[in-house]
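Enquirer: In this note's numbering, the protein residues as written are 3 to 410.
The structure's right below; bear with me while I get my questions together.
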């Protein structure tokens, strides 16, 4: 049985959007009027608590917060307006209580193109990866560090550069304490979008390609190892999720046919024995943003690793029946659990999470353990449609749902 948490949205490049410390699970999103909303699920009472409107920014899903649970149990929520010039954040005053927060604090994003905060917590420091406008009006990726668990932050250091144009997207892994894997793709609408991978070792401060060749930042994103090549495959890639998974990195992404923007396919790739191996997962022609005049036709319903499992993932797709029904443009996208085989050569469905829905289900998110072993009874959260409007990042009528794991 799912729980309706209220109106809201997120894009898929802020993370973690949902975190568990083993006792509570935290999530956040932006509501249709720009209110930042945070939530807390008590594992013992099985009850949700929401704090709506902790800040108000622009009406845009890029404002959804990234979440960090501090060592002292207090929770940091960081967010900003789309292409902003400042990060904004609030911290709970006490552990396990989202009702009282510190005043809004902020610090500058020099280029004014800031977005997509992604936290990586290691033994040595807390890292913040984010996008910004670089020296040549590009949209590059930077990293900052905090030695005091988010109280203060270093100046930004440029890591990955993009040679102008619109725009580079990057996902960082959240599960490897002394290894941070990254995957990067440019936006597939105006670019030839291949997928590239590399990794960072925090204890060394060094960056590497997939096969261990040292990189000196800032480096161009194509200096990383190519996972998916648009020229040979004739399909653009767009990254969705990544995890280190015991030093065998894995990525989930969409590929879109260069001659048919409605031909979306989900892919899974894993690095093993010195090479990237790709396994097709599923197809979907049931898009989130169909009929938007080409504005966001590359928005797939989405997929995301189950970060409480080493083998599972969640994906949203249209059923085979709705995929072939051209008249059904806004119904039939369901949420499913899939499983990766031990050899990585098979990715197969396990069970449906939603069925016979009157609305589309998309952009699933699973709780990310704060530390290894932290578990949450929440299986997955996701967005669903409240109306028949097509989805655009700054014009949406969606709501957030959550479902608890089924007893074994």
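Glycine included, each C-beta is placed from N, C-alpha and C at the ideal position.
(1) Along the chain, where does the beta strand (DSSP E) containing residue 313 start, and where does it finish?
(2) How is residue 132 classed by DSSP in three states: helix, strand or coil?
(3) Along the chain, which unbroken stretches of the beta strand (DSSP E) at least 3 residues long are found entirely within the segment 14-96?
(4) Using the C-alpha atoms, what's the distance from residue 352 back to residue 133?
(5) Can you check whether the CB of residue 20 is closer than 7 Å to the CB of residue 425?
(6) Could you please give the first and the last residue of the uninterrupted alpha helix (DSSP H) stretch that includes residue 344?
(7) Using a 10 Å radius around the Cβ and a threshold of 16 neighbouring Cβ atoms, would you call residue 203 buried or exposed?
(8) Can you tell me which of 210, 165, 199, 177 puts its alpha carbon nearest to the alpha carbon of residue 193?
(9) Count Cβ pairs between the segment 259-270 and the segment 204-214 that sit closer than 8 Å; are there 3 or more?
(10) Quick one: Cα of residue 207 to Cα of residue 69, how far?
(11) Look up residue 401 in the DSSP assignment and give the residues it is bridged to.
(12) Does residue 332 come out as helix, strand or coil in the three-state DSSP assignment?
(13) Give a yes or no on whether the C-beta atoms belonging to residue 167 and residue 184 are separated by under 7 Å.
(14) I need the boundaries of the alpha helix (DSSP H) containing residue 234, first residue and last residue.
(15) According to the Cβ coordinates, are residue 107 and residue 91 closer than 7 Å?
(16) Does residue 225 come out as helix, strand or coil in the three-state DSSP assignment?
(17) From which residue to which residue does the beta strand (DSSP E) around residue 2 run?
(18) Cα separation between residue 162 and residue 117?
(19) For residue 44, I'd like the list of residues in its chain whose CB is within less than 7 Å of its CB, leaving aside the five on either flank, ordered along the chain.
(20) Beta-carbon within less than 6 Å of residue 267's beta-carbon, same chain only, minus the 5 sequence neighbours each way: which residues are those?
(21) Less than 7 Å between the C-beta atoms of residue 83 and residue 60, yes or no?
(22) Could you please give me the residues that DSSP links to residue 199 through a beta bridge?
(23) What is the DSSP secondary structure of residue 406, reduced to helix, strand or coil?
(24) Return the CA-CA distance between residue 141 and residue 15, expressed in angstroms with no decimal places.
(25) Taking its Cβ as the centre, do 16 or more other Cβ atoms sit within 10 Å of residue 39, making it buried, or is it exposed?
(26) What residues are listed by DSSP as bridge partners for residue 376?
(27) Whole angstroms is fine: what's the gap from residue 346's alpha carbon to residue 362's?
(28) Given this structure, state the Cα-to-Cα distance separating residue 335 from residue 229, to the nearest angstrom.
(29) Within this structure, are the beta carbons of residue 402 and residue 7 separated by less than 7 Å?
(30) Can you say whether residue 293 is buried or exposed, counting buried as having 16 or more other CB atoms within 10 angstroms of its CB?
(31) Enumerate in chain order the residues of its own chain whose CB-to-CB distance from residue 100 is below 6 Å, with the five nearest sequence positions on each side excluded.
(32) What does the alpha-carbon distance come out to for the pair residue 102 and residue 309?
(33) Rounded to whole angstroms, how far is the Cβ of residue 306 from the Cβ of residue 315, which I believe are closer than 8 Å?
(34) Bridge partners of residue 149, per DSSP?
(35) Taking buried to mean at least 16 other C-beta atoms within 10 Å of its own C-beta, is residue 357 buried or exposed?
(36) Between residue 240 and residue 187, is the Cβ-Cβ spacing less than 7 Å?
Expert: Looking at the coordinates:
(1) Note, residue 313: premise wrong, no beta strand (DSSP E); not H, not E.
(2) strand
(3) 20-22, 26-32, 38-44, 49-53, 68-71, 77-81, 88-96
(4) 36 Å
(5) Any question about residue 425 goes unanswered here, given that the chain covers just 3 to 410.
(6) It is not in any alpha helix (DSSP H) - residue 344 carries neither H nor E in the DSSP assignment.
(7) exposed
(8) 165
(9) no
(10) 24 Å
(11) 9, 386
(12) Note that residue 332 has pLDDT 48, beneath the 50 cutoff, so the model's placement of it is unreliable and the number below is only indicative. Coil, per DSSP.
(13) no
(14) 232-235
(15) yes
(16) helix
(17) Lying before the first or after the last residue shown, residue 2 is absent from the chain, which here runs from 3 to 410.
(18) 15 Å
(19) 26
(20) 257, 285
(21) yes
(22) 185, 227
(23) strand
(24) 14 Å
(25) buried
(26) Paired residue(s): none; residue 376 is not in a bridge.
(27) 29 Å
(28) 28 Å
(29) yes
(30) Confidence is the limiting factor: at residue 293 the pLDDT is only 48, short of 50, which leaves the residue's position unreliable, though a coordinate-based value still follows. Looking at its Cβ environment, which holds fewer than 16 other Cβ atoms inside 10 Å, residue 293 is exposed.
(31) 40, 42, 53, 94
(32) 29 Å
(33) 7 Å
(34) Note: residue 149 sits in no beta bridge, so no partner.
(35) exposed
(36) yes
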